[in-house]
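First comes the structure, then the notes that go with it.
In my numbering, the protein residues as written are 18 to 213.
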């Protein structure tokens with residue numbers, strides 16, 4: 018069971034990284050090319066981490082059965098995905114994902130095709146992956162685990178500052194379509210120029 022702030026930080030980072038890997042594999046196979054799917058430079062999609070922190074906090078002690086938890090997770094993930102899409106578009110004037118070409122979408126921000134897998138993955142993570150992660154985490158000594166959590170937070174903060182700084186200097190493509198690959202290419206080109 019997840020009870021401490023450090024454990025929630027671990028959940029956040031584990032699923033942010035797993036979500037990034039899943040996005041890379043899925044979109045790489047779909048688009049036949051590799052591109053960073055997150056808005057951060059590092060291998061991290063925070064929306065997945067935030068989603069699983071929320072799922073864990075709300076449903077780990079749920080007295081309801083799997084189906085109720087499954088549908089509740091679908092609702093939570095859908096609200097989160099819609100809100101984050103709208104927020105990022107407002108902040109950066111571009112879209113990181115767009116579902117207009119898929120059936121049963123709402124403003125291109127969420128769609129039935131992604132809601133069901135998120136429900137399945139969230140339920141599986143809650144009941145199967147979380148206990149495994151916690152068992153592994155508790156095998157590490159307290160000092161080392163605290164250093165690990167602090168190091169992850171520091172890396173996230175640095176990545177966040179650098180990524181947002183680079184994004185605000187770029188002329189990002191506008192419009193209601195997925196510009197993630199183009200944004201990723203421009204961010205890395207800009208970063209190379211700054212470091213070179």
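A virtual CB, placed ideally from N, CA and C, is assigned to each residue, including glycine.
Bridge partners of residue 122 according to DSSP: 128. In the three-state reduction of the DSSP assignment, residue 156 falls in the coil class. About 6 Å separates the beta carbons of residue 143 and residue 72, which is inside the 8 Å limit, making them a contact pair.
By the neighbour-count criterion, in which a residue is buried when 16 or more other Cβ atoms sit within 10 angstroms of its Cβ, residue 65 is buried. Note that the C-beta distance between residue 154 and residue 24 is below 8 Å.
Below 8 Å, enough C-beta pairs join the region 132-149 and the region 89-103 to call them touching: three or more. When C-alpha distances from residue 169 are compared across 56, 20, 60 and 42, the shortest belongs to 60.
Between residue 99 and residue 123, the gap from beta carbon to beta carbon is short of 8 Å.
When 163, 75 and 151 are compared, the shortest CA-CA separation from residue 31 is found for 151. The C-alpha of residue 56 lies about 28 Å from the C-alpha of residue 149. By the criterion of a C-beta distance shorter than 8 Å, residue 116 is surrounded in its chain by 122, 125, 126, 127, 128, 130 and 131, once the five residues flanking it on both sides are discounted.
In the assembly as shown, residue 79 is an exposed residue. Its beta-carbon has fewer than 16 other beta-carbons within 10 Å. The three-state reading of DSSP puts residue 112 in strand, counting E and B together. For residue 61, no alpha helix (DSSP H) run applies, since DSSP gives it neither H nor E.
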